[in-house]
Structure formats: C-alpha cells, structure tokens
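Working notes, beginning with the structure itself.
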Amino acid sequence: MAQKNEKTCWACHRVIVGKSVMGLCPNCVNKYGTPAAAVAALGLTVGGRYLVKNGGKIVKTVADATKIFRA
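Going by the numbering used here, the sequence shown opens with residue 6, and the numbers climb by one from there.
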C-alpha cells in the first residue's frame with residue numbers, strides 16, 4: 006500500500022515513480038493521455054472559433070458588466 010507522501014495514479018492507484026503527467030502512471034498516460042489531449046485540442050479550436058466569431062459581443066458584455074459593478 007502507498008504511503009501518504011507517495012504519489013499514486015488516480016486511474017489505477019499504482020505508485021508513481023519519477024515525474025507524473027496529470028497524475029497518471031506511464032501505462033495510464035498511454036490509455037487516457039492521448040484522448041484527453043485530442044479533446045483539449047478540439048475544445049481550444051472550437052473555443053477559438055467562437056471567440057473570433059463573437060469577440061465584439063463578448064467585449065461589449067464584459068464592458069457593460071464592468072460598468073454595472075463599478076456603480
């Protein structure tokens with residue numbers, strides 16, 4: 006059983022030796038790391054497109070909210 010100061014993998018609960026990526030052991034990085042990176046890249050792409058498309062509205066809304074909270 007792992008001691009309190011040892012890092013464990015959040016997916017399989019193995020003790021991690023060395024550096025850990027996202028709290029995963031090397032086997033779980035191969036399982037979960039690549040799909041998570043793909044989802045993150047897709048999210049950044051979709052979020053970036055939304056920001057470019059609606060950037061003016063977002064800036065206006067933030068400015069209006071700032072005015073409300075200042076008053």
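Ideal placement from N, C-alpha and C gives every residue a C-beta, glycine not left out. Given the structure is predicted, the values throughout are model-derived calculations rather than measurements.
So, helix, strand or coil for residue i, using DSSP?
i	result
Val22	coil
By a C-beta neighbour count over all protein chains shown, 10 Å radius and 16 as the cutoff for buried, is residue i buried or exposed?
i	result
Cys30	buried
Have a look at residue i and residue j and give me their C-alpha separation to the nearest angstrom.
i	j	result
Gly23	Gly61	46 Å
Lys36	Gly52	25 Å
Val83	Val57	Only positions 6 to 76 of the chain appear in the structure, and residue 83 is not among them; the question remains open.
Lys65	Arg54	18 Å
Val44	Val34	14 Å
For residue i, verify whether its CB is less than 8 Å away from any heavy atom of the ligand NAP.
i	result
Ala70	Absence of the ligand NAP from the depicted structure is noted, as is the absence of any ligand whatsoever, leaving it without description.
For residue i versus residue j, is the C-beta distance shorter than 9 Å?
i	j	result
Cys17	Ser25	no
Met27	Ala46	no
Asn32	Arg19	yes
Go through its chain and collect everything with a Cβ distance to residue i's Cβ below 7 Å, but skip five positions before and after it.
i	result
Ile21	Lys12, Thr13, Cys14, Cys30
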